[in-house]
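Take a look at the structure set out below.
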Amino acid sequence: MFVKSEKVVFDYHVQNELGEIEHTHRALDGVELNIKKGDFVAIIGHNGSGKSTFAKHINALLLPSEGTLYVKEMDTKDDAKLWDIRSSAGMVFQNPDNQIIATIVEEDVAFGPENLGVPSEKIAFHVEKALSTVDMSEYAKHSPNKLSGGQKQRIAIAGVLAMHPECIILDEPTAMLDPSGRSEVLDTIHYLNKEENITIILITHYMEEAVDADYIYVMKDGKISFEGTPKDVFVQVNKMKNVGLDVPQIVELATLLRNEGVSLSKDVLKVNEMVEELCQLKLEN
Ligand SMILES: Nc1ncnc2c1ncn2[C@@H]1O[C@H](COP(=O)(O)OP(=O)(O)OP(=O)(O)O)[C@@H](O)[C@H]1O
Ligand SMILES: [Mg+2]
């Protein structure tokens, strides 16, 4: 298992101005999950359900208050393993502007390997490879400021890639992007998963982005509420509504059509599947 979460509980201690603990907020309440190496996993859930808090546990930015989280069998509480864990599991956040520090793209991508102590003669090679993987080589000498949101996120991903992680956790990486930026980023992470065998953990509010995952975890109130393949999860329209989430529009459309007596197979999640089903109907009639 690449990530193994055993009854992970996390309490935020909220302090007042005097630094005294005013109250405790339980953000994770016994999270159990297992993610295999090479999987593409989506974590979905309503605002405040604990997704980001959980994500930060995977690269030891936060440590469990109770329970244990293992990354490649390393307990994240083990100080001696901290750098091993951080270099195995890199994080990409929502806002590309908060993640880019340098004034030249290639310097920004070099930042991670420099911090990890990679010898400087090797850094240029890692940076070049990372930029070419996200298809941004031609921007190596550019200033990140002038790039589009999608391009900035690809630079942020390159920055993580330059450290050769086995896993990348992306916390709503497309939330601030326009549709073309969103598809650039999604294509990039699917490419990394398929071609480079990088484990992907994608946190998203867009159900359409979760449809292509191998497996989905649905969070509610700090717990995994239910889980399964996209088909297992999205056919449960009522369960999804109960946790405050919508199903992908195509699933909604399929439900409406079925209510009107159109016979569709159960598993229509994507536009191309819907097109196939509808063409089939036409042939039959
Ligand atoms: N630094 C903090 N101090 C106190 N409480 C916090 C802190 N960060 C998050 N919380 C609370 O913990 C709970 C889980 O928050 P978290 O950010 O993990 O949720 P989320 O699922 O990522 O939400 P969103 O979809 O809005 O990003 C929420 O109730 C939130 O208000
Ligand atoms: Mg969040």
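Last residue of the sequence shown: 286 (my numbering), numbering continuous. Ideal placement from N, C-alpha and C gives every residue a C-beta, glycine not left out.
Residue i and residue j closer than 8 Å at C-beta
i, j, result
"V15", "E23", "yes"
"F112", "A103", "yes"
"I170", "N60", "yes"
"T175", "Y140", "no"
"I204", "K52", "yes"
"V10", "G46", "no"
"V238", "E228", "no"
"M177", "Q250", "no"
"K153", "P145", "yes"
"V110", "L132", "yes"
"G160", "V186", "no"
"A163", "V128", "yes"
"N35", "M2", "yes"
"D215", "F41", "yes"
"L258", "P231", "no"
"I86", "I202", "no"
"V252", "I158", "no"
"F50", "K221", "Rather than Phe, the amino acid found at residue 50 in this sequence is Ser. Yes, the pair counts as a contact, with Cβ atoms nearer than the cut-off."
"D172", "H191", "no"
Residue i to residue j span [Cα, whole Å]
i, j, result
"P97", "V106", "13 Å"
"G91", "I199", "11 Å"
"E74", "L279", "47 Å"
"G245", "H26", "21 Å"
"V32", "D76", "15 Å"
"A28", "N17", "19 Å"
"E115", "S89", "16 Å"
"A56", "L63", "9 Å"
"Y13", "C168", "26 Å"
"G223", "E277", "38 Å"
"V236", "Y71", "31 Å"
"E122", "E108", "14 Å"
"P180", "L148", "16 Å"
"S264", "V248", "19 Å"
"D30", "K240", "20 Å"
"P120", "D268", "51 Å"
"N99", "V135", "19 Å"
"V234", "I217", "7 Å"
"V4", "K37", "7 Å"
"L19", "S184", "46 Å"
"L117", "L193", "22 Å"
"K130", "E209", "30 Å"
"M275", "I225", "30 Å"
"A255", "A211", "18 Å"
"N260", "L282", "16 Å"
"G195", "T54", "Note that residue 195 corresponds to Lys in the displayed sequence, not to Gly. Using only the alpha carbons, I get a separation of about 27 Å."
"G182", "K142", "21 Å"
"E197", "G39", "9 Å"
"I101", "E21", "34 Å"
"N273", "S138", "32 Å"
"H58", "G262", "47 Å"
Residue i CB to nearest heavy atom of ligand 1 below 7 Å
i, result
"Y13", "yes"
"A159", "no"
"N48", "yes"
"A211", "no"
"H26", "yes"
Closer than 7 Å: residue i CB and nearest ligand 4 heavy atom
i, result
"F11", "Although ligand 4 was asked about, the structure shown includes only ligand 1 and ligand 2 as ligands."
- request: Output the residues surrounding ligand 2, defined as those with a CB atom closer than 7 Å to any ligand heavy atom, in chain order.
  value: K52, S53, D172, E173 and I204
- request: Please list the segments of the beta strand (DSSP E) lying wholly inside the segment 221 to 273, counting only runs of 3 or more residues, in order along the chain.
  value: Here the runs fully enclosed are 224 to 229.
- prompt: Can you give, in chain order, each stretch of the beta strand (DSSP E) that sits fully within the segment 83 to 154 and has at least 3 residues?
  reply: 90 to 93
- request: Ignoring anything shorter than 4 residues or poking outside the segment 170 to 228, list the alpha helix (DSSP H) runs there in chain order.
  value: 180 to 197 and 208 to 211
query: In the segment 56 to 87, which residue ranges form an unbroken beta strand (DSSP E) of at least 3 residues, counting only runs that do not cross its ends?
result: 67 to 72
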